[in-house]
Structures are given as structure tokens and as C-alpha cells.
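All remarks here apply to the structure that follows.
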Amino acid sequence: MHKSTRLLGAGLALILGSLALTLQSFGQGGQRESGQQNKSTNKTDNPPSATQPAPAAPQDFSKNTWDLPADADKTKNPVEATEESIAQGKELFMTRKGNCIFCHGETGTGNKENLARLRRVPADLSDHKRMPKLSDGEIFWKITKGIPGIMPSREKLTEEERWHLVNFVRSLAKEKPKA
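Mapping of the sequence shown onto this note's numbering: position 32 corresponds to residue 121, and the numbering continues sequentially without gaps.
If you want it as C-alpha cells, here you go:
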């Protein structure tokens, strides 16, 4: 090969390489790599999604729509609401097994300390207007179905334990005597 052919080939390779880099830069909108600081706006371009802040306020969980069986409202509670049953339900509610207290708090009104960490505002189980409208069967099925990743109790509780929880939840919404 002649010396001039080699020089021409090297020059052509250099030009094509430069062109490829230029086109690549334009293909990315001329943006720098994700996370680099943009000096004109003093902000980072395309921060990683894991660093996105959580929503300012959790979603209102009390307005959640549930996929319940059609006859859920007709399902009868086979466990009588005795003091013993309510006490068993309370123990499940308050302990790690039921884990209800983490979101709903001791009184069922919502755990204010954990509210900022929750993705949704938990239903107020002490609501004297809303809770009586739900049948025992509907409450049972909501506990049974749970919400994947949010309300995992369905995986830990027996059917009888869920009925004890229904009885305890019912006791939270009862009108308390005024002092």
C-alpha cells in the first residue's frame, strides 16, 4: 500500500470516529450522564429514581375499593363477640402477629407516629358512622384479602383469629360513654 493511501485511511477513520461521537452526543440530546450537575440551573439532570422523594401525603386508604366476594356482606361471624373473643382480637391487633397497630394505632384511628412512612392513610376503624355500615363478613374479607405489601395479616392469621379480630375491630367503633 502506498503511504498516501494509509494516511487517507487514517484520516477517514479519525473523521468517522469524530462524527460518531458527535452524533452520539446529539442522540442523547446533548445531555451529560445521569446525575451530573447542570451548571446553568444548578440542578442534577435525571436523578436516579431511587432518590425520588416520597409523596408529600399518603393516599387516603379509607376510600380504597376492595375486591370482595359478592356475598361478603352475608357472611356470618361464627365467633360470638364475648369479652374473651374481643380480648383475643385485641392481642392479635396489638402484637406482631396481627401487626394491625403499626398502621391503625392502639385506638384504630391511625398510628400518627408512622403516618409519614405509610403509603396510604389507614382506615379509621373507630369511625362511628362508617364502621357500622360494614357487615362482619365485609370486615372479615378485608382482613383476609389484605393489601399485598401493605396489609400482610392474611398470611399470618387463622380463620378463627380473623373472626376474633372482627370482634375487636367492632369494639373500637362502639360509642364510648361520655365522661
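Even glycine gets a Cβ: it sits at the ideal position worked out from N, Cα and C.
Values in this document were obtained by computation on a predicted structure and should not be read as measured data.
Quiz item: Taking 8 angstroms as the line, does the beta carbon of Glu180 fall inside it for any heavy atom of the ligand COA?
Solution: As far as ligands go, the structure on display features none, and thus does not contain the ligand COA.
Quiz item: Name the DSSP beta bridge partners of Met240, please?
Solution: In DSSP, Met240 forms a bridge with Ile236.
Quiz item: With a Cβ-Cβ cutoff of 9 angstroms, do His274 and Lys163 count as a contact?
Solution: One cannot answer for residue 274 here, as it falls past the ends of the chain, which runs 90 to 268.
Practice problem: Ignore the nearest five residues each way along the sequence and tell me which others in Gly194's own chain have a CB closer than 6 angstroms to its CB. | Solution: Same-chain partners within the cutoff: Asn200.
Practice problem: Leaving out five residues on either side along the sequence, give the residues of the same chain with a beta carbon under 6 angstroms from the beta carbon of Glu227. | Solution: Same-chain partners within the cutoff: Ala161 and Asp162.
Practice problem: May I ask you to report which of helix, strand or coil DSSP gives Pro158? | Solution: The DSSP-derived three-state label of Pro158 is coil.
Quiz item: How far does the alpha helix (DSSP H) with Asn256 in it reach, from first residue to last?
Solution: Counting along the chain, the alpha helix (DSSP H) containing Asn256 begins and ends at Glu248 to Leu261.
Practice problem: Measure the C-alpha to C-alpha separation of Val258 and Trp252 and round it to an integer number of angstroms. | Solution: Distance between the alpha carbons of Val258 and Trp252 is about 10 angstroms.
Quiz prompt | Alpha carbon of Glu169 to alpha carbon of Leu181, nearest angstrom | solution = Cα-Cα distance, rounded: 17 angstroms.
Quiz item: Taking Phe272 as the reference, which of Pro211, Ala212, Asn256 and Arg219 has the closest Cα?
Solution: Absent from the model: residue 272. The displayed extent of the chain is 90 to 268, so no value can be given.
Exercise. Return the CA-CA distance between Glu72 and Glu202, expressed in angstroms with no decimal places.
Key: Nothing about residue 72 can be read from this structure; the chain reaches only from 90 to 268.
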